[in-house]
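Participant:
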Amino acid sequence: MTRIALKVNGQAVERDVAPRRNLVDFLRDELNLTGTNVGCEHGVCGACTLEIDGAPARSCIAFAVACDGASVRTIEGFDDDPVMIELRAAFNAEHALQCGYCTPGMLVTARDIVTRLPDADEARIREELSGNLCRCTGYVGIVRAIVSVMAARKSSGGGR
Amino acid sequence: MTAPVEAGAKGVGASLPRKEDDRLMRGRGDYVANRRVVGLQEVAFVRSPMAHARVLAVRKPEGAEQQVFVLADLEGVKPIVAVCGLPGFRVSELQVLAGDIVRYVGEPIAMCVAATRAEAEDLAELVEVDLEPLPVVADMLAALTPDSPKVHAHWERNAFLESMVDDDLSAVKRDAAIVVRRTVRTARQCMAPIEGRAVVAEYDRRLDQLVVHSATQMPHINRTGIAECLGIDQASVRVVAPDVGGGFGYKGILLAEEICLGWYARRTGRPVRWLEDRYEHLSGNANCREHHYDITGYADASGRLLGIDCEAVVDAGAYSLYPFSACLESAQVSSILPGPYVMDRYRCHTYAAATNKPPILPYRGVARTGVCFAMELVLDAIAREAGREPWEVRMANVVPSDAMPYTNITNKYFDSGDYPECLRRTVAALDVPAWRARQKRGEPDGRRVGIGLAIFCEQAAHGTSVYHGWGIPMVPGHEQCFARLSPDGALELRIGAHSHGQGMETTLAQVANEVLGIDPARVRLIHGDTALTPYSTGTWGSRSMVMSGGAVAAACTVIAERVKAIAAHLLEAAPADLELADGDVRVSGTDHSMTLQEVAHAWYRQPQRMPPDIDPSGLETTAGYKAVRDTGTFSYACHACAVAVDTELGTVEILDYVIVEDGGTLVNPMIVDGQVYGGLAQGIGSALFEEMPFNADAQPLASTLADYMLPGATEMPTVRMEHMTIPSPITRFGQKGIGEGGAVAPPAAIANAVNDALHDLGVEITECPITPRRLLAALAEAKAGR
Amino acid sequence: MKAPHFEYEKPATLADALRLLSAGGDNAKVLAGGQSLGPLLNLRMARPDLLVDIRTLPELRACEDDADSVTLGAAVTHAAIEDGQVPDPTHGLLARVAQGIAYRAVRNRGTLGGSLAHADPAADWVTTMVLLDAELRVAGADGERVLRVEDLVEGPLSTCLAPDEIIVSVRLPRLSADARWSYYKFNRKPGEFAEAIAAVVHDPARGVVRAVLGAMEGAPHVIPDPHALLGGDIDALAADIVTRSGFAPDTYEHRVHAVTLRRAVAGLA
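Protein chains in written order, with our numbering: chain A, 1 to 160; chain B, 161 to 946; chain C, 947 to 1215.
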């Protein structure tokens, strides 16, 4: 066991972890933050995407022990985030989720696209989404939702 | 046609945003893996590394005797047996942990229990299994040859079932000006919901009840199966299916793992969980859809279909699983192959071959994707022979508009529809002449453009009269709903089916709104718990909107009558003069009304206001539904696409994709669209990407999502969709099941487009997925042959 | 699946990291970004006793920019390169390649040095750095050495690095202002492993022409006479080059590599 200290959704957390404990299992099983889902454990499906130090990362192939000192933000930490509020409204309006299992990771990636690439066109949005698999929606609503949030932010002068 | 939906409408026909989204978007979904139980232990399974072997010994690690369990430990546990009643069915038994023989890679051999999954896996690595290899049956065609080794030693032949729809084809053979014979093959696939299977088993001492949380589409069926295998009363088992992260048929099955964990929880009293990981999913659990067809189409010179002769083989894997059995696909192939077409003669011989591969399981569009692929490739081949546009040949062969309802050559009753109109609209939407012109011009980048289409009809929500003939462990009949108007005027609905993406928390609330006028926001759907909901076969076969929708309407109708009886007394009006709308009970043509809440309040809390002769059954009821006919609704659709084929790299880009679909009355068009889009993405996976290959030793060759390729956002084209909404005459609102159709046609439409692009190079693809490797090989072969 | 048991150390300095690796012997392994090692650990295909995490070592994060070259710290992430946060002496080749690696969430963690040391034949950096004739500074218990990337890869997932050696930095020659490059990757969908890669750089001012085939069975193939690619019958030439690189004619691998090479050359124009 190794002692780690990190921030999770703004809260300081200190725990002993087995070095092999991956970040998502640590969050789910030890911190009871079950919003981040596990889909493949090899970094392909994107269900477990969350933010480490402000950037999207795969929590299934990150070890908790290697996140000592880091700041981690899970889907539960985005409740009041203004961009996420817009994205949630758009995902709901565009039917961008069905079973919801990929959705937390999808939203974290969507938020990254909206904030990092405010001028991205649809083709680029699709490319940026390629690391998040959804088996339900065919991505139609997801792409539409992201496009609509980006358009709304542009027309309101936000998003910069 | 249904009337246009009014603005602000919330009933049947409204694209109401989903009630379930909020919790799922905020990470508050309640999947099985989220369940927190004190003392929860985790399970890893030792699985067979060989496809066929005799189990000589399984040695537990020293000191771990109480953590590692083999079949001999599971006293009283019965194997999983799913008999199909069709004549000649050969019975298999799957022991929940391996007995003397293992018959596929991934078959569970031992269960290891530890504090964490990682430690359980450590333990699993220490279990020593002595296996003596037996000859492996890896290919379904080889399996059926007389000298093949046997998957089940006592069987005469490696076939769960051989079935025959026979006919005399001598006349059509004599008369046919066009004869096309093709060998068609579809790959073995994995369903790959993003959430794998998941089971948490606990023992409730107070109720002497095993509580199994399982990611299942059919909690009641699993409960029955678990109780039967454990040899206990069904009342001693409760199955809870909370939020489920995608099903697609994969979770419509009784699991050996559920039984193992259930046995452990009952024996020890300790809670335990198993979460299927992607490796287990891909390499050993999730097999579907491998078909082989030797199919001949007979037509006259104009392309009019005279007859079809087919020999079809489905690779059913090693065991028959509960409840759908190993005949799930093969038994349907022969009955649905004719599709939407009229023909004079039809013969189909079908085999459910047994091989040393994981058992075949249901997947969205069971059997339909394969038969549509085979049939539509043949139709295109006939069109090429006839020198006509493929859509023209289809127009000449689909059931004519005025023939509906129509009973087809395999005795399927097409309840309603207009297939020619569907074709016409699709062809118009694709703009065939424009693509033909572009094809003539050629592409500046040298790629070759082609267009293709596929039309199909899809039986859904079919019931007893269809399933009893199969004699499988589960025969659907009726569907129930429990409804209760609570004292505050909110409505609680309980159904035995399960919603795992279909949005039933929303659509069934819309049904309630349609009948009761209640705001969908005030409707709560409870599902996925055998302790709380009426018995149901669950969610499969595109049945829920028809069956549960019908049941909800029936229950709400009863509640409406009782509400009216109470309100009539309180409003001093005749029940017949009352109408329910916008949450109110109103005397028609007046502003005299009261709210549902006031009615409920009066019933529950002011019984003194009730008339003496009031029906004491109250504002809750369980009501049932059965369709006017139970032969199923037939939704149908035509998919058409344009593709560009890079003949150098063998890649296919979809340039345009059009769908014209008729799902009857659409309860929520937005959700219907979502189902079709999602099906399309899976169909594109089948067409171009998804394949679970096995080598000659039946070892699976894809174990990660880097090897088993699922379509992403870049692989999904922009889709244009149109709806026809011809109501079904046999369902409550005219709705039809449409959950699977999106996944049925894409391989056929895309392959036809590829063949259209390449036919003057002498290439005709008859196998999917159409991978670069396959396409380049076909191009090279055609080049060498010329 | 979950990773097997291992010990974990996150040393503060390169020297400490080297000491830990030496002490750990063959069963110690470097953890850089972990984006390739993580999956291998989870699949239990990698089973080290000790992981030495070098991602935050300051020595591996430094970048230098001089007249002839740019040196990138081995722990620079793909995303940093994609976003232009580090100097790029190639007029955009690095950013372009970086953007095509896996997915953004992976690029945020995965590192240049980690990718090179992992030596997946289908990976982009191995091919790109061989194309650019980049050099590695490698630190070991006995000091440092400089190594051409071309000499690094010995086979699939296999390099000439000793278990206790660490890639410190990658030195890339600066391309001239009028240099041209072309990079063509064939993969079945974005982020997937490449089926074939071909890359060409033509830098007349420095007299450099290099062409490389990637996604080989082992190391990238440096095309021996790249000048010939700049003129002549490219179809026959590409096929011949791919045959000489080791792929049998009339195989899928041969076909896609030949096409990829032709397209890379065409992209140079």
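Where a beta carbon is used, it is the ideal one built from N, C-alpha and C, also for glycine.
For clarity, every value in this text was computed on a predicted model and none was experimentally measured.
(1) Which bits of chain C does L936 (chain B) rub up against, with CB to CB less than 8 Å?
(2) Give me, in chain order, the residues of the same chain whose beta-carbon lies closer than 6 Å to that of M324 (chain B); leave out the 5 immediate sequence neighbours on both sides.
(3) Between the C-alpha atoms of L826 (chain B) and I125 (chain A), what's the straight-line distance to the nearest angstrom?
(4) Taking M947 (chain C) as the query, report the chain B residues whose CB atoms sit under 7 Å from its CB, ordered along the chain.
(5) When you compare only the Cα positions, how much space is there between P262 (chain B) and A514 (chain B)?
(6) Answer yes if the region 712-725 of chain B comes into contact with the region 408-419 of chain B, meaning at least three C-beta pairs across the two stretches below 8 Å, and no otherwise.
(7) So what does DSSP say about E941 (chain B), is it helix, strand or coil?
(8) Report, in whole angstroms, the separation of the C-beta atoms of Y101 (chain A) and I354 (chain B), which I expect to be a contact under 8 Å.
(9) So with CB distances below 7 Å, who are the chain C contacts of V65 (chain A)?
(10) Sort C:H1037, C:D1014, C:A1048, C:T1036 by Cα distance to T1023 (chain C) and report the nearest one.
(11) Flag V1135 (chain C) as yes if its beta-carbon sits less than 7 Å from any beta-carbon of chain B, otherwise no.
(12) Just verifying my parser: in three-state terms, what is the DSSP assignment at R342 (chain B)?
(13) Name the residues in the region 96-112 of chain A whose C-beta lies less than 9 Å from a C-beta of chain C; which are they?
(14) Using the three-state DSSP reduction, which class does R160 (chain A) fall into: helix, strand or coil?
(15) Exposed or buried, what is K600 (chain B) when buried is set at 16 or more other beta-carbons lying within 10 Å of its beta-carbon?
(16) Taking the C-alpha atoms as reference points, what is the distance between A361 (chain B) and P771 (chain B)?
(17) Check whether the region 1053-1065 of chain C touches the region 1134-1154 of chain C, taking contact to mean three or more Cβ pairs, one atom from each stretch, closer than 8 Å.
(18) If you run the structure through DSSP and keep just helix, strand and coil, what is V203 (chain B)?
(19) Strictly below 8 Å CB to CB, what residues from chain C border G872 (chain B)?
(20) Give a yes or no on whether 7 Å exceeds the smallest Cβ distance from A278 (chain B) to chain C.
(21) Could you name the residues of the region 1019-1033 of chain C whose beta carbon sits closer than 8 Å to any beta carbon of chain A, in the order they occur along the chain?
(22) Could you have a look at R427 (chain B) and say whether DSSP puts it in helix, strand or coil?
(23) So which residues on chain A does P985 (chain C) lean against when the C-beta distance must stay under 7 Å?
(24) Could you name the residues of the same chain whose beta carbon sits closer than 6 Å to that of S1191 (chain C), not counting the 5 residues immediately before and after it, in chain order?
(25) With DSSP collapsed to three states, give me the class of W630 (chain B).
(26) Strictly under 7 Å for the Cβ-Cβ distance: is I910 (chain B) near chain A by that measure?
(27) Quick check for students: name the residue ranges of the alpha helix (DSSP H) that lie wholly in the region 772-851 of chain B, counting only runs of 4 or more.
(28) For A352 (chain B), go through chain C and note every residue whose CB falls closer than 9 Å to its CB, in chain order.
(29) Determine the DSSP secondary structure at Q98 (chain A), reduced to helix, strand or coil.
(30) For V371 (chain B), which three-state DSSP category applies?
(31) Between the beta-carbon of A242 (chain B) and the beta-carbon of S485 (chain B), is there less than 7 Å?
(32) Cβ of H660 (chain B) less than 7 Å from any chain A Cβ?
(33) Find out if the Cβ-Cβ distance for the pair R607 (chain B), A804 (chain B) is shorter than 7 Å.
(34) Measure from the C-beta of V140 (chain A) to each C-beta in chain B and report whether the shortest distance is under 7 Å.
(35) Is the beta carbon of V44 (chain A) less than 7 Å from the beta carbon of A681 (chain B)?
(36) Leaving out five residues on either side along the sequence, give the residues of the same chain with a beta carbon under 6 Å from the beta carbon of G171 (chain B).
Facilitator: For this structure:
(1) Here residue 936 (chain B) is taken as the residue at index 776 of the second sequence, counted from 1. In chain order: Y1198, R1201, V1202.
(2) Counted from its first residue, the second sequence places residue 324 (chain B) at position 164. Closer than 6 Å at Cβ, skipping near neighbours: H509.
(3) As a first step, residue 826 (chain B) must be located in the second sequence, where it is residue number 666. As a first step, residue 125 (chain A) must be located in the first sequence, where it is residue number 125. Between the alpha carbons of L826 (chain B) and I125 (chain A) lies a distance of about 31 Å.
(4) Numbered from its first residue, the third sequence carries residue 947 (chain C) at position 1. Below the 7 Å Cβ cutoff, chain B contributes E281, D437, Y439 as neighbours of M947 (chain C), in chain order.
(5) By one-based count along the second sequence, residue 262 (chain B) stands at place 102. By one-based count along the second sequence, residue 514 (chain B) stands at place 354. Note on residue identity: the sequence assigns Val, not Pro, to residue 262 (chain B). Each residue's Cα considered, the two are about 14 Å apart.
(6) Touching, no.
(7) For the purposes of this step, residue 941 (chain B) is taken as residue 781 along the second sequence, with counting starting at 1. Judged by DSSP in its simplified three-state form, E941 (chain B) adopts helix.
(8) As a position in the first sequence, residue 101 (chain A) is number 101, starting the count at 1. As a position in the second sequence, residue 354 (chain B) is number 194, starting the count at 1. Right, the Cβ-Cβ distance comes to about 5 Å (below 8 Å), so this counts as a contact.
(9) Counting from 1 along the first sequence, the entry for residue 65 (chain A) is found at position 65. Within chain C, the residues near V65 (chain A) are Y954.
(10) The residue labelled residue 1023 (chain C) in the question sits at position 77 within the third sequence. Nearest option by C-alpha distance: C:A1048.
(11) Start at 1 with the first residue of the third sequence, and residue 1135 (chain C) comes out as number 189. The sequence given here places Lys at residue 1135 (chain C); Val does not occur at that position. Yes, contact with chain B.
(12) Locating residue 342 (chain B) in the second sequence gives position 182, where the first residue counts as 1. Strand.
(13) Within the region 96-112 of chain A, the residues whose Cβ lies closer than 9 Å to some Cβ of chain C are G105, V108, T109, D112, listed in chain order.
(14) To locate residue 160 (chain A), count along the first sequence from 1; it is residue 160. Residue placement at R160 (chain A) is flagged as unreliable, the pLDDT there being 43, under the threshold of 50; the coordinate-derived value follows with that caveat. Coil.
(15) The residue labelled residue 600 (chain B) in the question sits at position 440 within the second sequence. Label assigned to K600 (chain B): exposed.
(16) Position 201 of the second sequence, counted from the start, is the residue given in the question as residue 361 (chain B). Position 611 of the second sequence, counted from the start, is the residue given in the question as residue 771 (chain B). Cα to Cα, A361 (chain B) sits roughly 49 Å from P771 (chain B).
(17) no
(18) To locate residue 203 (chain B), count along the second sequence from 1; it is residue 43. In this structure, V203 (chain B) counts as strand in the three-state DSSP scheme.
(19) Numbered from its first residue, the second sequence carries residue 872 (chain B) at position 712. Per Cβ cutoff of 8 Å: K1135, P1136, G1137.
(20) Taking the second sequence and counting its residues from 1, one reaches residue 278 (chain B) at position 118. Yes, because at least one Cβ of chain C sits closer than 7 Å to the Cβ of A278 (chain B).
(21) A1025
(22) Within the second sequence, residue 427 (chain B) is the residue found at index 267, counting from 1. R427 (chain B): helix per DSSP, three-state reduction.
(23) Locating residue 985 (chain C) in the third sequence gives position 39, where the first residue counts as 1. Residues of chain A passing the Cβ test: H42, G43, I61.
(24) Numbered from 1 along the third sequence, position 245 holds the residue referred to as residue 1191 (chain C). If we look at S1191 (chain C) and ignore the five residues flanking it on each side, its Cβ neighbours are L1159, H1167.
(25) Taking the second sequence and counting its residues from 1, the one referred to as residue 630 (chain B) is at position 470. Three-state DSSP puts W630 (chain B) in coil, outside helix and strand.
(26) Position 750 of the second sequence, counting from 1, holds the residue named residue 910 (chain B). Not closer than 7 Å to any Cβ of chain A, the Cβ of I910 (chain B) fails to qualify, so no.
(27) 829-844
(28) As a working mapping, residue 352 (chain B) is identified with position 192 in the second sequence. Result: empty, since nearest Cβ-Cβ is about 15 Å, beyond 9 Å.
(29) Translated into the one-based positions of the first sequence, residue 98 (chain A) becomes position 98. Here Q98 (chain A) sits in coil by DSSP.
(30) Looking up residue 371 (chain B) in the second sequence gives position 211. DSSP places V371 (chain B) in strand when its eight states are reduced to three.
(31) By 1-based counting over the second sequence, the position of residue 242 (chain B) is 82. By 1-based counting over the second sequence, the position of residue 485 (chain B) is 325. Yes, the pair counts as a contact, with Cβ atoms nearer than the cut-off.
(32) Within the second sequence, residue 660 (chain B) is the residue found at index 500, counting from 1. It does: the Cβ of H660 (chain B) has a partner Cβ on chain A nearer than 7 Å.
(33) Residue numbering aside, residue 607 (chain B) sits at position 447 when the second sequence is read from its first letter. Residue numbering aside, residue 804 (chain B) sits at position 644 when the second sequence is read from its first letter. Cβ distance < 7 Å, so R607 (chain B) and A804 (chain B) count as in contact.
(34) Against the first sequence, residue 140 (chain A) aligns to sequence position 140. Taking Cβ atoms only, chain B reaches closer than 7 Å to V140 (chain A), which makes this a yes.
(35) For this step, residue 44 (chain A) is matched to residue 44 along the first sequence. For this step, residue 681 (chain B) is matched to residue 521 along the second sequence. No, the Cβ-Cβ distance between V44 (chain A) and A681 (chain B) is not below 7 Å.
(36) Numbered from its first residue, the second sequence carries residue 171 (chain B) at position 11. Only Q670, N673, E674 meet the Cβ criterion.
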